[in-house]
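Q:
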Amino acid sequence: MSASLFLSFPPIPPPLAPRAWLHRSTLSLLAVRRRNLPLLFPINMSSDHHLVVPTTELCDESDFETIVSPDGLISICGFGSLLSERSARSTFPDLIDFRVARLNGFRRVFAHAAPIFFERGIAKPETKEISSLSVEPCEGETLVVTVFEIQKSEIPAFVKRELEFRFLAVVPESLDGKPFDNRAVLCARYSDEEFFQVRCKGSKEIYFQHYGRYNIDKIWRDDILPCRVYLRHCVLAAKNLSDVAYNNFLDHTFLADRKTTIREYLATTGSGIMEEEPPESLKTRYGG
């Protein structure tokens, strides 16, 4: 793993004191910023310009508390594997009110290496087919997603499991355009710098536990391709939701080049992916 990756990151403030429902070990993984303020962060749109989108980042336990409903539930927004209710229930067995929604101003991109695919033996580093999905702000884009509720007590485990993402509070809406009453947690694009300084607390040893042991020295990349088993699962999950969700996934999900849609990819260099069966041990987990 190249040491040069870790030499020029700015320091971060010390962590806040933990509160009742968010465990100290989980809190220490979250970024510490001034709470409940709009966040502006750049998303690469091309090689020569950026789009800056205002949104709200959930940085510590008090931020998550602001979107908890009166009955102690918090909404989760699914855009990839969680388009499948079966897959969602494998992670959140007690989820409530699984439903389809629309999210404006974001696009899906296969642009980050996922350690879970290495752990499950479905990553193909020799062909760079190692990527999972994230979303990022993009003006004019609209995604068909899913939304469901979980108990707020499940959030620490959720944060730990989705360690490489930025947590945003977003307002989904129904397919006919009515905004939901509660904001939902969305896992969005993060950065290598923040992952190392914040989630790994500046420790190469912690980074190695998550990524280094798989010979990954850069997480967020523009030169990788979707994990084949995972891509097939997401496409099938969208298809099982509805034709609208299926076509939206094909046309509003991009490779890391942010130009090639999944529809184009499956018709060209990705042809054959949809005919490949997942390993027997993962047929339920990645069955669409």
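446 is the number of the first residue of the sequence shown in our numbering; add one for each residue after it.
Beta carbons are placed, not taken as given, at the ideal position from N, Cα and C, and that holds for glycine.
#1: Are there three or more Cβ pairs, one per stretch, closer than 8 angstroms when the segment 646-659 is compared with the segment 548-555?
#2: Can you give me the start and stop residues for the alpha helix (DSSP H) that Ser-507 sits inside?
#3: Going by DSSP, what residue range makes up the alpha helix (DSSP H) through Gln-654?
#4: CA-CA distance, Thr-713 and Ser-532?
#5: Please report the straight-line C-alpha distance between Val-545 and Ser-598, rounded to a whole angstrom.
#6: Compare the beta carbon distance of Arg-628 and Ile-512 with 8 angstroms and say whether it is the shorter of the two.
#7: Which value, in whole angstroms, describes the spacing of the CA atoms of Thr-536 and Ile-595?
#8: Compute the Euclidean distance between the alpha carbons of Asp-516 and Lys-728, then round it to the nearest angstrom.
#9: Which term fits Asn-693, buried or exposed, when burial requires 16 or more other beta carbons within 10 angstroms of its beta carbon?
#10: Leaving aside the five residues before and after Leu-711 along the sequence, list all residues of the same chain whose C-beta is less than 7 angstroms from its C-beta, in chain order.
#11: By alpha-carbon positions, which one of Tyr-652, Leu-613 and Arg-634 ends up nearest to Gln-642?
#12: Go to Pro-724, then tell me how far its beta strand (DSSP E) extends in each direction, as first and last residue.
#13: What residues match up with Ser-532 in a beta bridge as DSSP calls it?
#14: Under a three-way DSSP split, which group does Phe-563 fall into?
#15: Less than 7 angstroms between C-beta atoms, sequence neighbours within five positions excluded: which residues of the same chain meet that for Asp-696?
#16: How many Å lie between Glu-581 and Arg-553 at the Cα?
#17: If I follow the unbroken alpha helix (DSSP H) through Ile-600, where does it start and stop?
#18: For Ser-619, collect the residues of the same chain with a Cβ closer than 8 angstroms to its Cβ; drop the 5 residues on either side in sequence, then sort them by chain order.
#19: Kindly indicate if chain D contains any beta-carbon less than 8 angstroms away from that of Lys-704.
#20: Pull up the distance between the alpha-carbon of Phe-593 and that of Phe-610, whole angstroms please.
#21: What does DSSP give as the partner residue(s) for Val-554 in the beta ladder?
#22: In terms of DSSP beta bridges, what is Thr-501 paired with?
#23: Go through its chain and collect everything with a Cβ distance to Glu-586's Cβ below 8 angstroms, but skip five positions before and after it.
#24: Classify Val-513 as helix, strand or coil using the three-state DSSP reduction.
A: So, from the data block:
#1: These segments do not touch.
#2: For the purposes of this step, residue 507 is taken as the residue at position 62 of the sequence shown. Its alpha helix (DSSP H) spans residues 506-510.
#3: Your numbering for residue 654 matches position 209 in the sequence shown. For Gln-654, the uninterrupted alpha helix (DSSP H) run begins and ends at 649-655, by DSSP.
#4: For the purposes of this step, residue 713 is identified with residue 268 of the sequence shown, where counting begins at 1. For the purposes of this step, residue 532 is identified with residue 87 of the sequence shown, where counting begins at 1. If you draw a straight line from the Cα of Thr-713 to the Cα of Ser-532, it is about 28 angstroms long.
#5: Taking the first residue of the sequence shown as position 1, residue 545 is located at position 100. Taking the first residue of the sequence shown as position 1, residue 598 is located at position 153. The straight-line gap from Cα to Cα measures roughly 24 angstroms.
#6: By one-based count along the sequence shown, residue 628 stands at place 183. By one-based count along the sequence shown, residue 512 stands at place 67. Cβ distance < 8 angstroms, so Arg-628 and Ile-512 count as in contact.
#7: Counting from one through the sequence shown, the residue named residue 536 turns up at place 91. Counting from one through the sequence shown, the residue named residue 595 turns up at place 150. Whole-angstrom Cα-Cα distance: 11 angstroms.
#8: Position 71 of the sequence shown, counted from the first residue, corresponds to residue 516. Position 283 of the sequence shown, counted from the first residue, corresponds to residue 728. Rounded to the nearest angstrom, the two C-alpha atoms are 35 angstroms apart.
#9: The residue you call residue 693 lines up with position 248 of the sequence shown. Buried: at least 16 other Cβ atoms inside 10 Å.
#10: Sequence index remark: in the sequence shown, residue 711 carries index 266 (1-based). Short of 7 angstroms from the beta carbon of Leu-711, and not among the five residues preceding or following it, lie these beta carbons of its own chain, in chain order: Ile-718 and Met-719.
#11: Position 197 of the sequence shown, counted from the first residue, corresponds to residue 642. Ranking Tyr-652, Leu-613 and Arg-634 by Cα distance to Gln-642 puts Tyr-652 first.
#12: The sequence position of residue 724 within the sequence shown is 279, counting from 1. No beta strand (DSSP E) contains Pro-724, which DSSP labels as neither H nor E.
#13: Locating residue 532 in the sequence shown gives position 87, where the first residue counts as 1. Under DSSP, Ser-532 shares a beta bridge with no residue.
#14: On the sequence shown, residue 563 is found 118 positions in, with the first residue counted as 1. Phe-563 falls in the helix class under three-state DSSP.
#15: As a working mapping, residue 696 is identified with position 251 in the sequence shown. Annotation for Asp-696: Thr-706 and Arg-708 place their beta carbon closer than 7 angstroms to its own, counting only its chain and skipping 5 residues before and after.
#16: As a working mapping, residue 581 is identified with position 136 in the sequence shown. As a working mapping, residue 553 is identified with position 108 in the sequence shown. Roughly 7 angstroms separates the two Cα atoms.
#17: Mapped onto the sequence shown, residue 600 falls at position 155. Counting along the chain, Ile-600 sits inside the alpha helix (DSSP H) bounded by residues 600-606.
#18: Within the sequence shown, residue 619 is the residue found at index 174, counting from 1. Sequence-distant Cβ neighbours of Ser-619 in its own chain, meaning closer than 8 angstroms and more than five residues away, are Ala-546, Arg-547 and Phe-625.
#19: The structure shown contains no chain D; it is built from a single protein chain.
#20: Looking up residue 593 in the sequence shown gives position 148. Looking up residue 610 in the sequence shown gives position 165. Taking the straight line joining both Cα atoms gives about 19 angstroms.
#21: Numbered from 1 along the sequence shown, position 109 holds the residue referred to as residue 554. In DSSP, Val-554 forms a bridge with Ser-579 and Phe-699.
#22: Indexing the sequence shown from 1 puts residue 501 at position 56. Ala-614, per the DSSP bridge assignment.
#23: Taking the first residue of the sequence shown as 1, we reach residue 586 at position 141. Only residues of its own chain outside the window of five on either side were considered, and among them Asn-549, Gly-550, Phe-551, Arg-552 and His-697 have a CB closer than 8 angstroms to the CB of Glu-586, listed in chain order.
#24: Position 68 of the sequence shown, counted from the start, is the residue given in the question as residue 513. When secondary structure is reduced to three states using DSSP, Val-513 falls in the coil class, being assigned neither helix nor strand.
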